Amino acid sequence: MSLQRLWQMSYDSKTIDILRNSKHAIPIIQSFHLFGITLLLGAMVILNFRMLGIGFGETRLEVLAKPVWKWATSGLLLAMASGFFVFVPDPARYAANKSFLVKMTVLLVAILFQYTFYRRVVRTESANVRPGRHVVVPLVSLTLWFTVAWAGRSIAFLG
Amino acid sequence: MSIVELCQAIQQTAWATRFRQADLFFPLVEGTHILSLSLSVGLILMLDVRILRLGFQSEPVSRIMRQVMRWALPGFAIMFVTGVLLFLAQAESVYTNSYFRVKMLMLLLLGINAAVFQFKYFPSMVVWDSGEAVPAGAQVIAVVSLIFWMVVIACGRLMAYEL
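Chains as they are written, first to last, in my numbering: chain A, 1 to 159; chain B, 1001 to 1163.
So this is what it looks like as structure tokens:
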């Protein structure tokens, strides 16, 4: 089955029709999407600023890492689940949207980076990391996540 | 002159019209407004998490609060400046929007909520902030903060659809 056909099927489905035609459904789902993103980015800011040495220096990295990881992941899952329901009512529109494609690509890279390389750096170095020792890793993380968010915002503006 | 008329006048100024229709500047201001949620609300949520003992339990509340505020305050400053700009660009449509009014009411209540925390629980924090128990009142404040911030975000999203 081609993607095109999958989009068409999803577009024609009755349940999804309700989502699409209700005035409030999409903005309310998007609110959960934004809340998830806020949770994800808020948590990520803590760990990355700590690694950059520009904040949260009074607390040891490994003490911050565990809850940050838990809440960032919860935020990410909420954002992905709600994002799915924004996507399905109008998949063809998103599939043709350049910002959306950039968003999905960078999101994939961000997730891979965060849950493999980044995680290992935090784990192995957390014992005695002085603030500011790692500059590249937190900068890459922040850049990736904020690029995902900006690309998401520009779906509506740039197309 | 009524407030609506004043807002109408602001919205009709050449500056507001140019700003509203700007291809790049308007989305940039709006995007900055939304993305600074990560610094402002995002960090406040982490403080709520600590107060509710859902994370960072080994750290005193005061220590988490001090570190969170250092970045949350500039975050709220960006939020406020970009928010005022967005308001001025569409003053009349925003002022007459009911979601905007709910949003402002929620922000007022959140301000009161934060003030209660500051005056009632902050002074006695040294006594309880490293221990096992957080005063029930302080936990209620954290829950109110979580829920109301969610409503603020939802109102912001809903009003954008009607402007």
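Just so you know, even glycine gets a beta-carbon here, dropped at the ideal spot from N, CA and C. Note that this is a predicted model, so its numbers are computed, not measured.
query	result
Residues of the stretch 1027-1052 of chain B with a CB closer than 7 Å to any CB of chain A: list them in chain order, please.	Pro1027, Gly1031, Ile1034, Leu1035, Leu1037, Ser1038, Leu1039, Val1041, Gly1042, Leu1043, Leu1045, Met1046, Val1049
Return the residue from the list A/Arg123, A/Arg5, A/Ala79, A/Ala156 that minimises the CA-CA distance to A/Leu47.	A/Arg123
What do you reckon, is the C-beta of A/Thr143 under 7 Å from a heavy atom of the ligand PLP?	The ligand content of the structure shown is nil, which means the ligand PLP is not present either.
Residues of chain A with a CB under 7 Å from the CB of B/Ile1003: which are they?	Those do not exist, as B/Ile1003 stays about 26 Å from chain A at its closest Cβ, beyond 7 Å.
Smallest Cα separation from A/Trp150: which of B/Gly1031, B/Glu1005, B/Ala1014?	B/Gly1031
Pick helix, strand or coil for A/Pro89, following the three-state DSSP scheme.	coil
To the nearest angstrom, report how far apart B/Leu1158 and A/Ile28 are at their CA atoms.	7 Å
Just checking, does the stretch 1056-1074 of chain B make contact with the stretch 46-64 of chain A on the three C-beta pairs under 8 Å criterion?	yes
Our contact map puts A/Leu40 next to A/Ala79 with C-beta atoms below 8 Å; I'd like the distance itself, whole angstroms only.	6 Å
For B/Ile1010 versus B/Leu1088, is the C-beta spacing smaller than 8 Å?	yes
In chain order, what residues of the same chain lie with their CB nearer than 6 Å to the CB of B/Gly1075, ignoring the 5 residues before and after it?	Ser1036, Leu1039, Ser1040
Taking the alpha carbon of B/Met1150 as the reference point, which residue from B/Ala1114, B/Leu1107, B/Glu1132 has its own alpha carbon closest?	B/Leu1107
Run through DSSP, which three-state label would A/Arg60 get?	coil
Buried or exposed: where does A/Pro67 fall if 16 or more other Cβ atoms within 10 Å of its Cβ makes it buried?	buried
Once the 5 residues before and after B/Cys1007 are set aside, which same chain residues still bring their CB inside 7 Å of it?	Ala1091, Glu1092, Tyr1095
If the criterion is Cβ atoms closer than 8 Å, does the pair B/Pro1027 and B/Ser1130 meet it?	no
Would A/Ile155 pass as an interface residue toward chain B - the criterion being a Cβ-Cβ separation below 8 Å?	no
For the stretch 29-47 of chain A, which residues have a CB atom closer than 7 Å to at least one CB atom of chain B, in sequence order?	Gln30, Ser31, Leu34, Phe35, Thr38, Leu39, Leu41, Gly42, Ala43, Val45, Ile46
Can you say whether A/His134 is buried or exposed, counting buried as having 16 or more other CB atoms within 10 angstroms of its CB?	buried
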